[in-house]
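Have a look at the structure below before the remarks.
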Amino acid sequence: MTVLALATFYAVWMYQDYWAEGGIALLHFGYLWAAYNVAVALSSHYAVDIERRFGLTVVTAIMCLAPGISYLGMGLAAEIIWLGVALGFIMQSSRGLQMVILRNAFNRVLGSELRATANSISSFLFRGVFIFTGPAVGYAIDAWSSATVFVMLGLLFLLVGVWQFKGLASLISRGIQSPNQR
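Under this note's numbering, the first residue of the sequence shown is numbered 16, with each subsequent residue one higher.
Written out as structure tokens, the structure reads:
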């Protein structure tokens, strides 16, 4: 859960440099942020319906692979900035799904006596890892470019996403059911 959250969180800190490097005027940033946040809100709102329609395996694949695909596409499409911006919607939609599907599954698996502690530890791990890795990502952007770092993160998170999907898919195949199935 921490790795998937980090996969989409780095992008939140990288978008503005990416947009600026792509020649998007500063006055459009607010509109882009609003549109990206609408994507998160809509995918969060419809996450359970999406899971019911397509199944836990498909939604798990989307959550695990979409960040890497989005990073890689944005990095490779940096010269066609509006294509890169469009690919950012994949990332944001994945973020919305994760916020609902993973948190819901996490909370349903845990007993009430452990839930608050486990959520606190998960949040602590996320922030702790970001404290150490966030500056490294920022330094890499300064040293190279947003597009280059997007490609690097895309390759990294595709590998991690495949590894995570394999692990989660094996749980699903062993009978772990979606908490959102009726």
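Think of the CB as a built atom: it goes at the ideal place given N, C-alpha and C, for glycine as much as any other residue.
Reduced DSSP secondary structure (H/G/I, E/B, other) of residue i
{"i": "Ala40", "result": "coil"}
{"i": "Tyr33", "result": "helix"}
Where residue i falls, given that 16 or more other Cβ within 10 Å makes a residue buried
{"i": "Gly143", "result": "exposed"}
{"i": "Ile105", "result": "buried"}
{"i": "Ala54", "result": "buried"}
{"i": "Ala93", "result": "buried"}
{"i": "Ser185", "result": "exposed"}
{"i": "Thr132", "result": "exposed"}
{"i": "Ala56", "result": "exposed"}
{"i": "Ala158", "result": "exposed"}
{"i": "Gly103", "result": "buried"}
{"i": "Ala26", "result": "buried"}
{"i": "Leu42", "result": "exposed"}
{"i": "Ser129", "result": "Going by the sequence as given, residue 129 is Leu instead of Ser. Exposed, since its Cβ has fewer than 16 Cβ neighbours within 10 Å."}
Whether residue i touches residue j by CB criterion (8 Å)
{"i": "Gly169", "j": "Tyr86", "result": "yes"}
{"i": "Met16", "j": "Phe145", "result": "no"}
{"i": "Tyr33", "j": "Phe165", "result": "yes"}
{"i": "Ala81", "j": "Ser109", "result": "yes"}
{"i": "Ile96", "j": "Gly38", "result": "yes"}
{"i": "Leu173", "j": "Ile84", "result": "yes"}
{"i": "Leu136", "j": "Met29", "result": "Reading the sequence as shown, one finds Ile at residue 136 and not Leu. Contact flag unset, no."}
{"i": "Gly99", "j": "Thr163", "result": "no"}
{"i": "Glu36", "j": "Ser138", "result": "no"}
{"i": "Phe141", "j": "Thr75", "result": "no"}
{"i": "Leu183", "j": "Cys79", "result": "yes"}
The ligand FAD heavy atom lying under 7 Å from the CB of residue i
{"i": "Leu117", "result": "The ligand FAD is absent from the structure shown, which contains no ligand whatsoever."}
Requested in this report: Examine the Cβ distances between the stretch 148-155 and the stretch 62-69 and report whether three or more of them are shorter than 8 Å.
Outcome: Cβ pair count under 8 Å is below three, so no.
Query raised in the report: Can you give, in chain order, each stretch of the alpha helix (DSSP H) that sits fully within the stretch 90-178 and has at least 4 residues?
Result: Correct list: 96-124, 127-158.
Query raised in the report: Are the stretch 17-24 and the stretch 109-125 touching, with three or more C-beta to C-beta distances below 8 Å?
Result: Taking 8 Å as the limit for Cβ pairs, the verdict is that the stretch 109-125 does touch the stretch 17-24.
Query raised in the report: Quick one: complete alpha helix (DSSP H) runs, 4+ long, within the stretch 35-84?
Result: Within the stretch 35-84, the complete alpha helix (DSSP H) segments at least 4 residues long are 44-60, 62-69, listed from N- to C-terminus.
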